[in-house]
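Residue numbers 8 to 499, in the working numbering, belong to the letters of the first sequence in order.
Note that CB positions come from ideal geometry on N, CA and C, so glycine has one too.
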Amino acid sequence: MAKELKDLTKRSEDYSKWYNELVVKADLAEQADVRGCMVIKPYGYAIWEKMQRQLDDMFKETGVQNAYFPLLIPKSFLSKEAEHVEGFAKECAVVTHYRLKTNETHDGVVVDPAAKLEEELIIRPTSETIIWNTYKNWINSYRDLPILCNQWCNVMRWEMRTRLFLRTSEFLWQEGHTAHATREEAEERTKQMINIYAKFAEEYMAVPVIQGVKSETERFAGALDTYTIEAMMQDGKALQSGTSHFLGQNFGKAFDVQFLNKENKPEYAWATSWGVSTRLMGALIMTHSDDNGLVLPPKLAPIQVVIIPIGKGDQMAMLDEKAEAIVNNLKAMGISVKYDNADNKRPGFKFADYELKGVPVRLVLGARDLEQGLVEIMRRDTLEKESVSIDGIEEYIKNLLDDIQQNILKKAKDFRDSHIYECDNYEEFKEKVKDGGFFLCHWDGTEETEAKIKEDTQATIRCVPFMFEQTEGVDMVSGKPSKCRVLIARAY
RNA sequence: CGGGGUGUAGCGCAGUUGGUAGCGCACUACGUUCGGGACGUAGGAGUCGCGUGUUCGAGUCACGUCAUCCCGACCA
């Protein structure tokens with residue numbers, strides 16, 4: 008096992024603490040006083056907004072439109088698709104009453120028993136049911152199809168254990184729900200969306216991901232196929248970062264959504280759904296951060312460049328003037344920049360603070376350097392400092408931002424690739440998997456084997472990956488023949 | 001839901017055999033500072049998670065309860 012991963016494993020013992028503390032210190036989010044819910048603070052939300060905007064653009068290029076559906080779902084809707092209810096029943100919050108009243112001692116409120124709902128309402132854990140109940144009214148003919156809707160919303164899943172960004176009871180996400188006239192078209196859409204997620208993760212988040220298809224046990228409740236993108240965190244564990252489901256005609260049948268096809272014959276609609284959540288923020292944090300704090304990819308950083316002036320009182324006016332010119336030039340180039348000339352914080356404090364916040368580039372405007380026409384530039388990914396001529400500094404910064412974006416992706420990719428192992432020996436696997444990493448192993452396709460691996464090692468089959476050339480072999484656990492290698496890892 | 005922690009000022013914590021509620025950071029004012037998380041002086045801030053009990057007296061002891069964190073089962 009690589010030495011650096013050993014070191015990470017050591018950190019992994021209190022990785023959660025490191026992660027939670029880092030998030031709080033970097034001012035991204037905090038745990039709310041309500042069980043398992045999260046307050047996303049302005050700086051954190053700014054990152055989420057950038058993600059939203061980019062994803063939205065990518066969706067719209069494929070014809071998807073945004074819409075909005077209700078938060079509350081009648082209980083009966085959820086029971087219409089058997090597997091779906093099985094999967095979500097255990098984690099639903101239920102609305103049973105619609106009114107409170109003053110208590111007998113008049114110092115508080117109680118639920119008014121007279122206001123009990125005849126049918127309870129479920130706070131959406133996901134919206135397939137209410138959306139397909141609506142689609143029923145929208146679809147009569149093959150000419151009405153496809154329907155390509157996405158909604159940005161919150162959902163609630165009453166998780167037993169929560170963790171900031173990775174698993175909160177309430178989380179923000181987008182969920183796309185499409186209806187199609189043919190199986191082929193729906194399957195095509197399922198793959199198209201997982202490709203978009205992978206592209207977004209790599210090009211914008213600089214998080215390399217492995218695409219694949221889930222095993223039957225890990226599949227979304229009610230889906231025929233679940234495609235996933237799996238990212239590797241710095242402690243070698245996997246994080247499922249996005250999913251796209253081919254739902255077949257399950258929801259079409261459950262909600263009786265039929266249309267007349269070209270042959271004038273009734274047919275059930277074909278469905279897909281796909282989503283990514285604020286968990287992506289967790290992926291971002293856990294992929295790039297170091298001990299100084301966050302490292303944000305320039306394409307998603309709310310502040311891409313921070314300018315910090317250093318000088319004595321009478322020099323500040325001159326520095327402000329110099330800074331203003333650079334700020335205006337950078338803004339004109341579409342670069343978001345913050346000039347921090349607050350006089351109540353010393354430069355050293357500002358340096359540390361913006362490093363913690365992950366600002367990709369820092370420009371120090373020092374009176375002393377300026378006499379020689381120089382400024383100091385520091386890049387957050389490597390923490391390297393360089394003195395650069397102030398002439399043409401804007402172009403230099405633009406190139407540097409591009410370079411940082413490329414570099415952190417490369418760094419994450421190199422790390423991941425050096426921790427992917429092919430393994431054919433179960434004893435060796437059991438020993439190595441403890442320390443993290445992705446394992447490509449032959450699997451006989453049975454649930455028994457899957458369960459045994461999980462019980463022995465806590466690792467799970469993440470997916471059947473697409474990106475590797477597949478050959479037949481022998482299952483390392485059962486010794487039975489195997490068609491392909493699957494990706495196995497411990498996961499968040 | 002099982003096992004283990006932790007609840008005391010905004011944050012991080014100390015508080016001895018039960019006897020006046022403390023420290024660091026942050027905050028406010030003034031001054032000196034300012035090239036890698038400054039310093040001095042003065043000041044503000046706390047129903048000790050909540051409830052019941054034991055006691056002359058409870059942050060401290062007992063019982064209960066709630067919240068939160070970590071480890072499992074569930075999950076994006």
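Notebook entry, point to check: What's the gap between the Cα of Leu179 and the Cα of Arg375?
Noted result: 47 Å
Next item on the list: State the Cα-Cα distance for the pair Arg386 and Arg369, rounded to the nearest angstrom.
Entry: 7 Å
Note to self: I'd like to check one pair, Glu383 with Val371: are the Cβ atoms closer than 9 Å?
What the structure shows: yes
Check: Three-state secondary structure (DSSP) at Trp450?
Finding: coil
Check: In chain order, what residues of the same chain lie with their CB nearer than 6 Å to the CB of Lys420, ignoring the 5 residues before and after it?
Finding: Pro215
Next item on the list: Ignore the nearest five residues each way along the sequence and tell me which others in Ile54's own chain have a CB closer than 8 Å to its CB.
Entry: Leu35, Met288, Leu291, Leu303, Leu307, Ala308 and Pro309
Check: So, helix, strand or coil for Ser83, using DSSP?
Finding: helix
Note to self: In the DSSP output, what is Pro215 paired with across the bridge?
What the structure shows: In the DSSP output, where bridge partners are listed per residue, Pro215 has none listed.
Next item on the list: Ignore the nearest five residues each way along the sequence and tell me which others in Met8's own chain have a CB closer than 7 Å to its CB.
Entry: With a pLDDT of only 31 at Met8, under the threshold of 50, the placement of this residue in the model should not be trusted, and no figure is reported.
Note to self: Below 8 Å on the Cβ atoms is my contact criterion, and I expect Lys82 with Glu126 to pass it. Report the Cβ-Cβ distance as a whole number of Å.
What the structure shows: 6 Å
Margin query: Please report the straight-line C-alpha distance between Lys10 and Gly255, rounded to a whole angstrom.
Written below: Any reading at Lys10 must be qualified, since the residue scores a pLDDT of 43, below 50, and its modelled position is unreliable; the value itself is stated next. Near 46 Å, if we compare the C-alpha coordinates of Gly255 and Lys10.
Next item on the list: May I ask which residues mark the beginning and end of the alpha helix (DSSP H) holding Val92?
Entry: Ala89 to Phe95
Notebook entry, point to check: What is the DSSP secondary structure of Thr175, reduced to helix, strand or coil?
Noted result: coil
Notebook entry, point to check: Below 8 Å, can you find three or more Cβ-Cβ pairs linking the segment 224-239 to the segment 100-112?
Noted result: no
Notebook entry, point to check: With contact counted as at least three CB pairs below 8 Å, one residue from each stretch, are the segment 244-258 and the segment 277-284 in contact?
Noted result: yes
Note to self: Helix, strand or coil, according to DSSP, for Gly249 in the structure here?
What the structure shows: strand
Margin query: Are the CB atoms of Ile460 and Lys405 within a distance shorter than 9 Å?
Written below: no
Notebook entry, point to check: Hey, how far is the Cα of Leu381 from the Cα of Ile154?
Noted result: 57 Å
Notebook entry, point to check: Would Glu457 be called buried (16 or more neighbouring beta carbons within 10 Å of its own) or exposed?
Noted result: buried
Check: Near Gly249, which residues of its chain fall below 6 Å by C-beta distance, leaving aside the five closest residues on each side in sequence?
Finding: Tyr204, Ile236 and Val283
Margin query: Let's test the definition: count the other Cβ atoms within 10 Å of the Cβ of Leu494 and tell me whether it reaches 16, buried, or not, exposed.
Written below: buried
Next item on the list: Go ahead and pull the three-state DSSP assignment for Trp139.
Entry: helix
Next item on the list: Report the three-state DSSP secondary structure of Arg469 (helix, strand or coil).
Entry: strand
Next item on the list: Could you say if the segment 61-81 and the segment 192-211 meet the contact criterion of at least three C-beta pairs nearer than 8 Å?
Entry: yes
Check: Hey, quick one: how far does the beta strand (DSSP E) through Ser23 stretch, first residue to last?
Finding: Per DSSP, Ser23 belongs to no beta strand (DSSP E); it is in the alpha helix (DSSP H), Tyr22 to Lys32.
Margin query: Quick check on DSSP: helix, strand or coil for Met8?
Written below: Reliability fails at Met8, whose pLDDT of 31 lies under 50, so the model's placement of it is uncertain and no value is given.
Next item on the list: Since I believe Lys143 is in contact with Asp263 (beta carbons under 8 Å), could you give me their beta-carbon distance rounded to a whole number of angstroms?
Entry: 6 Å
Notebook entry, point to check: Roughly how many angstroms lie between the CA atoms of Ala498 and Ala238, to the nearest whole one?
Noted result: 10 Å
Next item on the list: Under 8 Å by Cβ, that's how I've got Glu166 and Arg174 pegged, so tell me the actual separation to the nearest angstrom.
Entry: 6 Å
Next item on the list: Give the range of the alpha helix (DSSP H) segment to which Ile400 is assigned.
Entry: Ile400 to Asp424
Next item on the list: If I'm right that His187 touches Cys156 with Cβ under 8 Å, what's the distance once you round it to whole angstroms?
Entry: Contact flag wrong, Cβ pair sits at about 12 Å.
Check: Is the segment 73-88 close to the segment 328-336, with three or more CB pairs under 8 Å?
Finding: no
Check: Would you call the segment 220-231 and the segment 421-438 in contact, with 3 or more CB pairs under 8 Å?
Finding: no
Margin query: At the level of alpha carbons, what is the spacing between Asn73 and Glu56?
Written below: 15 Å
Note to self: If distances are taken between C-alpha atoms only, which option among Gln218, Pro367 and Gly318 comes closest to Ala245?
What the structure shows: Gln218
Notebook entry, point to check: In the structure shown, what three-state DSSP assignment does Leu78 receive?
Noted result: coil
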